[in-house]
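Asker: For reference, each letter of the first sequence is one residue, going 205 to 849 in the working numbering. Ideal placement from N, C-alpha and C gives every residue a C-beta, glycine not left out. Just passing along the structure, written as structure tokens.
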Amino acid sequence: MSRFYLTTAIDYVNSRPHLGTAYEKIAADIIARYKRLSGFDTRFLMGNDEHSQNVYKRAVEQKLDPLAYCDQMEQEFRDTWRRLDISFDDFIRTTEPRHTAGVVELARRIHDAGDIFEGTYEGWYCEGCEAFKQEKDLVGGHCPLHPAITPQWISEKNYFFRLSKYQQPLLEHFKTHPEFLQPDVRRNEILRLIEGGLEDISVSRAGQSWGIPLPFDPNSVVYVWFDALINYASAVGLGRDQSMFDAWWPADLHVIGKDITRFHAVIWPAMLMSARLPLPRQVFGHGFMTMNGQRMSKSLGTIVDPIKAADRHGADPLRLYLVKEIAFGGDGDFSWERYDERYNVDLANNLGNLVSRVAAMAHQYRQGRLIPVGASSNRLARVGEEAAASYRRSMDALALHDGAAAAFRIIDTTNEYIAETAPWKLAKDPASADRLTQVLFDAAEAIRLAAVLLTPMMPASSAEILRRVGASSDPLRLDRDARWRGDGERLIAQGGPLWPRFETPKEKISVTENPTPPPPAAPAAPSATSAVSAPGGDRIAIDDFMKVELRVAKVLAAERVPKSTRLLKLHVDVGTEQRTLVAGIAESYEPEALVGKSVVIVFNLKPAKLMGIESNGMVLAASPDGGKAIVVTFEEPPAPGTRVR
RNA sequence: GCCGGAGUAGCUCAGUUGGUGAGAGCACGCGUCUCAUAAGCGCGGGGUCGACGGUUCGAAUCCGUCCUCCGGCACCA
Numbered sequence: 205m206s207r208f209y210l211t212t213a214i215d216y217v218n219s220r221p222h223l224g225t226a227y228e229k230i231a232a233d234i235i236a237r238y239k240r241l242s243g244f245d246t247r248f249l250m251g252n253d254e255h256s257q258n259v260y261k262r263a264v265e266q267k268l269d270p271l272a273y274c275d276q277m278e279q280e281f282r283d284t285w286r287r288l289d290i291s292f293d294d295f296i297r298t299t300e301p302r303h304t305a306g307v308v309e310l311a312r313r314i315h316d317a318g319d320i321f322e323g324t325y326e327g328w329y330c331e332g333c334e335a336f337k338q339e340k341d342l343v344g345g346h347c348p349l350h351p352a353i354t355p356q357w358i359s360e361k362n363y364f365f366r367l368s369k370y371q372q373p374l375l376e377h378f379k380t381h382p383e384f385l386q387p388d389v390r391r392n393e394i395l396r397l398i399e400g401g402l403e404d405i406s407v408s409r410a411g412q413s414w415g416i417p418l419p420f421d422p423n424s425v426v427y428v429w430f431d432a433l434i435n436y437a438s439a440v441g442l443g444r445d446q447s448m449f450d451a452w453w454p455a456d457l458h459v460i461g462k463d464i465t466r467f468h469a470v471i472w473p474a475m476l477m478s479a480r481l482p483l484p485r486q487v488f489g490h491g492f493m494t495m496n497g498q499r500m501s502k503s504l505g506t507i508v509d510p511i512k513a514a515d516r517h518g519a520d521p522l523r524l525y526l527v528k529e530i531a532f533g534g535d536g537d538f539s540w541e542r543y544d545e546r547y548n549v550d551l552a553n554n555l556g557n558l559v560s561r562v563a564a565m566a567h568q569y570r571q572g573r574l575i576p577v578g579a580s581s582n583r584l585a586r587v588g589e590e591a592a593a594s595y596r597r598s599m600d601a602l603a604l605h606d607g608a609a610a611a612f613r614i615i616d617t618t619n620e621y622i623a624e625t626a627p628w629k630l631a632k633d634p635a636s637a638d639r640l641t642q643v644l645f646d647a648a649e650a651i652r653l654a655a656v657l658l659t660p661m662m663p664a665s666s667a668e669i670l671r672r673v674g675a676s677s678d679p680l681r682l683d684r685d686a687r688w689r690g691d692g693e694r695l696i697a698q699g700g701p702l703w704p705r706f707e708t709p710k711e712k713i714s715v716t717e718n719p720t721p722p723p724p725a726a727p728a729a730p731s732a733t734s735a736v737s738a739p740g741g742d743r744i745a746i747d748d749f750m751k752v753e754l755r756v757a758k759v760l761a762a763e764r765v766p767k768s769t770r771l772l773k774l775h776v777d778v779g780t781e782q783r784t785l786v787a788g789i790a791e792s793y794e795p796e797a798l799v800g801k802s803v804v805i806v807f808n809l810k811p812a813k814l815m816g817i818e819s820n821g822m823v824l825a826a827s828p829d830g831g832k833a834i835v836v837t838f839e840e841p842p843a844p845g846t847r848v849r
């Protein structure tokens, strides 16, 4: 039997999975289930990425051993995936010994190939800014912001991977394998990036303990990205079980988010080329999920909890909504309103109701037994066969949304067919007895066929529908079960509504009230003008707010960040000290215009590096949709350092 | 700023190599059946196909310019 090995990205464990993460797993799961249905011996891998400094820090914050913290997170992830009915065959964690074995093996191979070299990461370091400085940024050998401090020349030993060497081989591979990276938008972007030249990349970190030690220098650990990519190979036995590895490698498909395309379509294949291992057959970079048109972000409250979403109507309705609404590869939007709407239309009104009415008539007129007495309806059989063929074409091309739509064409046609044939009229005329039996049989058969096609999207619901129309649901095979079947007896089972209609309250959305009923509080559809409409049911306590320390800061100096269009580097006085911070306001403010102004900053924000500059704080500014930032200032500036609340 | 993609009905989108009077689903309105989950089915309103020029017998479709949005380079603090 031919095999199919597919993977999703492994997830950082520094927060619980949100709907965007879940979307990727659901899509991959639908592909995996489709492949099984198509008769492939399928292996579906997922996992967690644990060797990140952020994970380490998060664990330390919670006073946990990093591994214990990761164990805890693994449970959270597994719980979510179970709730969403994700049928992974294997789940790998980068802290497992089997992964280490794979990393060691691959690192050794690349090292043996001469593609790892020792280098130093070095530069001028300004203690005042706590950042490395470019030579060109220094004025007379000193940092312009700290003329009194002499910058230090610091260097750190690192190992580098000779990525540059693989520019041509990668271009060649892209040329000969147009399917390697999909969709095409992604492919073109990456092609241009490769054409623009590749730089060697650092693959190790010195002086850290959280990570996998390099086999040829135990004082360094493998850089987290290099480490993470290898999971796809270590999970199928690289460096540990050669026969298993031979059986499953190369992977047929890596399903990933578009943000990490470079790693999967450039670095990863180059690593494999260096190690003389076959390349994965395809990388698919899916789009992002937005919530009511806005990027999912914690601070905006636009994170959707996949478990809450599944609890609202069920895991299957959620899966169907995501895959049918969003063209696979493109970005997609989630809104509770739209989710409810699709649930009612597709499932309650069309599919669910169709199952109910056919079952009811089969029982009312034929005691639940349907035996075909003549030829099937030409129309239904033809639409069914056509839809099944189009479904397979779409699914093979990973056009999952089209696949789902094809299945629903059968359902729509069956509803039309019932209206046309009007079985309740046939039932009144004894002369039409055979005709009635056949009509009901055909309707049941059409439902069966649609349910088979929908199995990857809605595994549990499809099984229940198949049971109700008297068809078997275990080991389904597309080549056998996705054909119109005009023979055989059907014992129809009745049951309650598969998906009760969901009634949305009629009153219009208001800003203060919780607009939508129970499960998750559905934020009112915000107009395009307000980016900050707080979800009514998701307020924070005063204590939460008090964690944020806002203070008045006076701008002492400001300059543009080189090569950046949006960033300004500010040097500010916060009363007790002076700080450097970076703000994304260069599009609306000239640096000179800010000097001397008093602004509000988040004082107790963790430092972050932007364009190589460490930013110690964040300037508050309004961010109108599509407009330019407006910094919060004062008519009468208080003394620097004054607390704002 | 550079590169790429997109702008079609209130919303989400389809529209193959230019050619019958511009489509689908949802939402809305009307009608209708009664098997069914106030579901189904039928009909309908509504669009200067982003703007302006050009090529052509003919342009949503090809070309140019511009506007807006999105994405990547490259940065959400």
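Kindly list the residues whose CB is nearer than 8 Å to the CB of S734, restricted to its own chain and excluding five residues on each side of it in sequence; keep chain order.
Answerer: The pLDDT assigned to S734 is 27, lower than 50, so where the model puts this residue is not dependable, and the model offers no usable value.
Asker: Out of K267, G700, H567, A650, state which residue places its alpha-carbon closest to the alpha-carbon of R586.
Answerer: Checking every option, the nearest Cα to that of R586 belongs to A650.
Asker: Would you mind working out which of L644, V803, M661, R247 sits nearest M205, comparing C-alpha positions?
Answerer: Nearest option by C-alpha distance: R247.
Asker: Does DSSP classify M493 as helix, strand or coil?
Answerer: Strand.
Asker: Considering only the beta carbon of each residue, do A611 and L658 sit closer than 8 Å?
Answerer: Yes. Within cutoff.
Asker: Nearest by alpha-carbon distance to R705: which of S676, D316, Y543, G674 is it?
Answerer: Minimum Cα distance to R705 is reached at Y543.
Asker: For E693, does the three-state DSSP call read helix, strand or coil?
Answerer: Coil.
Asker: From P844 to W414, what does the alpha carbon distance come to, in whole angstroms?
Answerer: P844 and W414: Cα-Cα distance of roughly 40 Å.
Asker: Compute the distance between the beta-carbons of M661 and I234, then report whether it is under 8 Å.
Answerer: Yes; because the gap between Cβ atoms is below 8 Å, this pair is in contact.
Asker: Apart from the five residues just before and just after A410, which ones in its own chain have a Cβ nearer than 6 Å to its Cβ?
Answerer: These residues qualify, in order along the chain: E360, K361, S424.
Asker: How would you write the range of the beta strand (DSSP E) that L785 sits in, first residue to last?
Answerer: Start and end: 782-787.
Asker: Helix, strand or coil: how does DSSP classify N718 here?
Answerer: Residue placement at N718 is flagged as unreliable, the pLDDT there being 31, under the threshold of 50; the coordinate-derived value follows with that caveat. It is coil, neither helix nor strand.
Asker: Quick check: the Cα distance between P663 and S291, rounded to an integer number of angstroms?
Answerer: So the alpha carbons of these two residues sit roughly 10 Å apart.
Asker: Going by the beta-carbon positions, is the gap between N619 and L524 smaller than 8 Å?
Answerer: No. Outside cutoff.
Asker: Run through the segment 363-415 for me and flag every whole alpha helix (DSSP H) of 4 or more residues, listed as ranges in chain order.
Answerer: Those alpha helix (DSSP H) runs which fall completely within the segment 363-415 and span 4+ residues are 371-380, 388-399.
Asker: From V823 to R220, what does the alpha carbon distance come to, in whole angstroms?
Answerer: Between V823 and R220, the C-alpha separation is close to 28 Å.
Asker: Rounded to the nearest angstrom, how far is the Cβ of I434 from that of H255, given a contact under 8 Å?
Answerer: Not confirmed; about 11 Å, so no contact.
Asker: Please determine, among V848, P301, R297, P510, the residue with the shortest C-alpha to C-alpha distance to M250.
Answerer: Answer by Cα proximity: R297.
Asker: Return the Cβ separation of V799 and A762 in integer angstroms, given the expectation that the two are a contact with Cβ distance under 8 Å.
Answerer: With a Cβ gap of about 6 Å, V799 and A762 count as contacting.
Asker: From N554, E840, L374, A311, pick the residue whose C-alpha is nearest to that of V426; which is it?
Answerer: V426 has its Cα closest to that of A311, out of N554, E840, L374, A311.
Asker: Where does K512 sit, in a helix, a strand or coil, going by DSSP?
Answerer: Helix.
Asker: Just to confirm the assignment: which complete beta strand (DSSP E) runs, minimum length 3, are found wholly within the segment 405-488?
Answerer: Those beta strand (DSSP E) runs which fall completely within the segment 405-488 and span 3+ residues are 408-410, 421-426, 457-461.
Asker: Rounding to the nearest angstrom, what Cα-Cα distance links R681 and F244 in this structure?
Answerer: Their backbone Cα atoms lie some 10 Å apart in a straight line.
Asker: When DSSP builds the beta bridges, which residues end up paired with R207?
Answerer: In DSSP, R207 forms a bridge with D245.
Asker: Keeping to the same chain, check which residues put their C-beta closer than 6 Å to that of S581; ignore five residues upstream and five downstream.
Answerer: Contacts found: D646.
Asker: Taking the straight line between their C-alpha atoms, what separation do you get for L640 and T617?
Answerer: Rounded to whole angstroms, L640 to T617 spans 18 Å at the Cα level.
Asker: Assess contact between the segment 593-600 and the segment 531-549, defined as three or more Cβ pairs (one per stretch) separated by less than 8 Å. Is contact present?
Answerer: Segments in contact, no.
Asker: According to DSSP, is D747 part of a helix, a strand, or is it coil?
Answerer: Any reading at D747 is ruled out, since the residue's pLDDT is 49, under 50, leaving its predicted position unreliable.
Asker: Excluding sequence positions up to five away, which residues of its chain have a Cβ less than 6 Å from the Cβ of L670?
Answerer: If we look at L670 and ignore the five residues flanking it on each side, its Cβ neighbours are A655, S677.
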